[in-house]
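Single-structure report; data block below.
There are 2 protein chains.
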Amino acid sequence: MREIFESELKQVGDDLAEMSRLVESAISRAGTALLTADLQLAQSVIADDHAIDQIERHLDERCVLLLAQQQPVATDLRVVVSALRMSATLERMGDLARHVAQVARGRYPSKAIAPAAEHTFAAMHDAATRVARRTTTLLTTRDLTVAANIERDDDLLDALHQDTFAALLGESWDGTAQETIDITLVGRYYERFGDHGVSIARRVVYLVTGDFAEASAIRSV
Amino acid sequence: MREIFESELKQVGDDLAEMSRLVESAISRAGTALLTADLQLAQSVIADDHAIDQIERHLDERCVLLLAQQQPVATDLRVVVSALRMSATLERMGDLARHVAQVARGRYPSKAIAPAAEHTFAAMHDAATRVARRTTTLLTTRDLTVAANIERDDDLLDALHQDTFAALLGESWDGTAQETIDITLVGRYYERFGDHGVSIARRVVYLVTGDFAEASAIRSV
Chain A
-14 MREIFESELK QVGDDLAEMS RLVESAISRA GTALLTADLQ LAQSVIADDH
36 AIDQIERHLD ERCVLLLAQQ QPVATDLRVV VSALRMSATL ERMGDLARHV
86 AQVARGRYPS KAIAPAAEHT FAAMHDAATR VARRTTTLLT TRDLTVAANI
136 ERDDDLLDAL HQDTFAALLG ESWDGTAQET IDITLVGRYY ERFGDHGVSI
186 ARRVVYLVTG DFAEASAIRS V
Chain B
-14 MREIFESELK QVGDDLAEMS RLVESAISRA GTALLTADLQ LAQSVIADDH
36 AIDQIERHLD ERCVLLLAQQ QPVATDLRVV VSALRMSATL ERMGDLARHV
86 AQVARGRYPS KAIAPAAEHT FAAMHDAATR VARRTTTLLT TRDLTVAANI
136 ERDDDLLDAL HQDTFAALLG ESWDGTAQET IDITLVGRYY ERFGDHGVSI
186 ARRVVYLVTG DFAEASAIRS V
């Protein structure tokens, strides 16, 4: 029984890591598509999102079967319940990458992001891509210093998000309503992407340390 | 054992209904605060959000204990896992109501929504409030016709969301960047609120019918 459980649990962990790798690829390509008005790249992100959704469904079915057939308790149970939640979060991160790509596609052949905000969105792209890459690393290594770095990138995304509003509300802003809308929405997508990364980081910290307070305080690691 | 399980499961259902009632109150007050620039009402929504978060935590702990101590299978297991997911969704709906209230508070004493879009946001407010009220009804009665009505209100929210963009991109739009930002963000909050209502509706349909295809097709009920 135990061997089957361990093997099933390993598969759950592998699925989460695979989802995270796909999210990493999606957010990275979506940001490049956004910044360079690359229609083909944007379309590839949109088309590939179903693969993330599919792993989520398989992973969830596997977790429910695990609960029914293996009836885990204590730490094992916590791992399975956390996996259910992290898969939902990763699925949502994939959706946000798709939303960024949809904005890029919608404005093609123009760039969606007005020149005045390009620098800020390039930094958001970098930070979000790091969040995704670190999420994959965290899920595969459970190295808690990586969790702290995800929190730091999320702080950076929040600050950059504020910068986008400062740009839109500054006296020199003379963009169109469409440009204002796009900056507002894409900024929000990146900001949420960071939040979701932090949600996963805290769940992993909680799984490793068993301590919710510590999970909320990894910023200070 | 079975009696304890039934009693615990009833408590989980009661907690979900209570969360939904609080969400209903929050989104209703947030919309009124937004449309009438009512600072006190906006602040009450923001202050009350923690109560929703608190029920979510208790509910989740109860579900994990239920899984560990009662080791449910089949339908019982499906009910507990669905409750975990629905509580996360209701918590998020509470956050979105809080975000609407925060925009209202941020623009006080002005109204956040420019006059040209007020009519559309009054309709979004009505539709979102109906979604929340119907979610409470669905969770307490499991009447599937209510689920179909939630889908219809979500369709309406999507259409109204498109109307906001049409207004912002129309020739007659002469609002400030702040007004464009607020309409873009609040429109997005309402649109997501409807999506979450549909997510709960489909979970309940799935629990009642055991059929995912039916759950996705309740629009045609």
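Residue numbers (this note's numbering), protein chains in the order written: chain A, -14 to 206; chain B, -14 to 206.
Don't be surprised by glycine CBs; every beta carbon is placed ideally from N, CA and C.
My output table needs one value for residue i: the three-state DSSP class, helix, strand or coil.
{"i": "residue 204 of chain A", "result": "Annotation note: pLDDT 48 at residue 204 of chain A (below 50); position unreliable, coordinate value reported separately. Note: residue 204 of chain A maps to helix in three-state DSSP."}
{"i": "residue 55 of chain A", "result": "helix"}
{"i": "residue 182 of chain A", "result": "helix"}
{"i": "residue 194 of chain A", "result": "helix"}
{"i": "residue 159 of chain A", "result": "coil"}
{"i": "residue 45 of chain A", "result": "helix"}
{"i": "residue 128 of chain A", "result": "coil"}
Let's test the definition: count the other Cβ atoms within 10 Å of the Cβ of residue i and tell me whether it reaches 16, buried, or not, exposed.
{"i": "residue 94 of chain A", "result": "exposed"}
{"i": "residue 207 of chain B", "result": "Absent from the model: residue 207 of chain B. The displayed extent of chain B is -14 to 206, so no value can be given."}
{"i": "residue 35 of chain A", "result": "exposed"}
{"i": "residue 16 of chain B", "result": "buried"}
{"i": "residue 136 of chain B", "result": "buried"}
{"i": "residue -11 of chain A", "result": "exposed"}
{"i": "residue 205 of chain B", "result": "Its pLDDT being 40, under 50, residue 205 of chain B is placed unreliably in this model, and the coordinates cannot settle the point."}
{"i": "residue 14 of chain A", "result": "buried"}
{"i": "residue 189 of chain B", "result": "buried"}
{"i": "residue 55 of chain A", "result": "buried"}
{"i": "residue 104 of chain A", "result": "exposed"}
{"i": "residue 144 of chain A", "result": "exposed"}
{"i": "residue 42 of chain A", "result": "exposed"}
{"i": "residue -13 of chain A", "result": "exposed"}
{"i": "residue 59 of chain B", "result": "exposed"}
{"i": "residue 91 of chain B", "result": "exposed"}
{"i": "residue 195 of chain B", "result": "exposed"}
{"i": "residue 100 of chain A", "result": "exposed"}
{"i": "residue 74 of chain B", "result": "buried"}
Could you tell me the boundaries of the alpha helix (DSSP H) in which residue i lies?
{"i": "residue 6 of chain A", "result": "-13 to 21"}
{"i": "residue 94 of chain B", "result": "Where residue 94 of chain B is concerned, there is no enclosing alpha helix (DSSP H), given that its DSSP letter is neither H nor E."}
Taking 9 Å as the threshold (beta carbon to beta carbon), is residue i in contact with chain D?
{"i": "residue 173 of chain B", "result": "Protein chains A and B are contained in the structure displayed, whereas chain D is not."}
(request) Indicate whether the contact test is met: 3 or more Cβ pairs, each with one atom in the stretch 12 to 24 of chain A and one in the stretch 17 to 26 of chain B, closer than 8 Å. (result) no
(request) Scan the stretch 17 to 28 of chain B for residues whose Cβ lies nearer than 7 Å to a Cβ of chain A and list them as they occur along the chain. (result) none
(request) Report yes or no: do the stretch 2 to 15 of chain B and the stretch 49 to 59 of chain B share at least 3 C-beta pairs separated by less than 8 Å? (result) no
(message) Whether or not the stretch 144 to 156 of chain A and the stretch -9 to 5 of chain B are in contact is what I'm after, with contact meaning three or more pairs of Cβ atoms, one per stretch, closer than 8 Å; do they touch?
(response) no
(message) Against chain B, which members of the stretch 54 to 69 of chain A pass a CB distance test of less than 9 Å?
(response) 54, 56, 57, 58, 59, 62, 63, 65, 66 and 69
(message) Using a Cβ-Cβ cutoff of 8 Å, what residues of the stretch 141 to 157 of chain A are near chain B? List them in chain order.
(response) 150, 153 and 154
(request) Determine contact between the stretch 165 to 176 of chain A and the stretch 105 to 121 of chain A, defined as no fewer than three beta-carbon pairs at a distance below 8 Å. (result) yes
(message) Output needed in chain order: residues of the stretch 84 to 111 of chain B with a Cβ under 8 Å from some Cβ in chain A.
(response) none
(request) Could you run through the stretch 113 to 133 of chain B and flag, in chain order, every residue whose CB is less than 8 Å away from some CB of chain A? (result) none
(request) Decide yes or no for the touch test of the stretch 62 to 82 of chain B against the stretch 125 to 135 of chain B: beta carbon pairs closer than 8 Å, at least 3 of them. (result) no
(message) Tell me which residues of the stretch 161 to 194 of chain A have at least one Cβ-Cβ distance to chain B shorter than 8 Å, keeping chain order.
(response) 162, 163, 165, 166, 169, 170 and 173
(message) For the stretch 72 to 83 of chain A, list every residue whose C-beta sits within 8 Å of some C-beta in chain B, in sequence order.
(response) 73
(request) Check each residue of the stretch 37 to 53 of chain A: if its Cβ is closer than 7 Å to any Cβ of chain B, include it; give the result in chain order. (result) 49, 52 and 53
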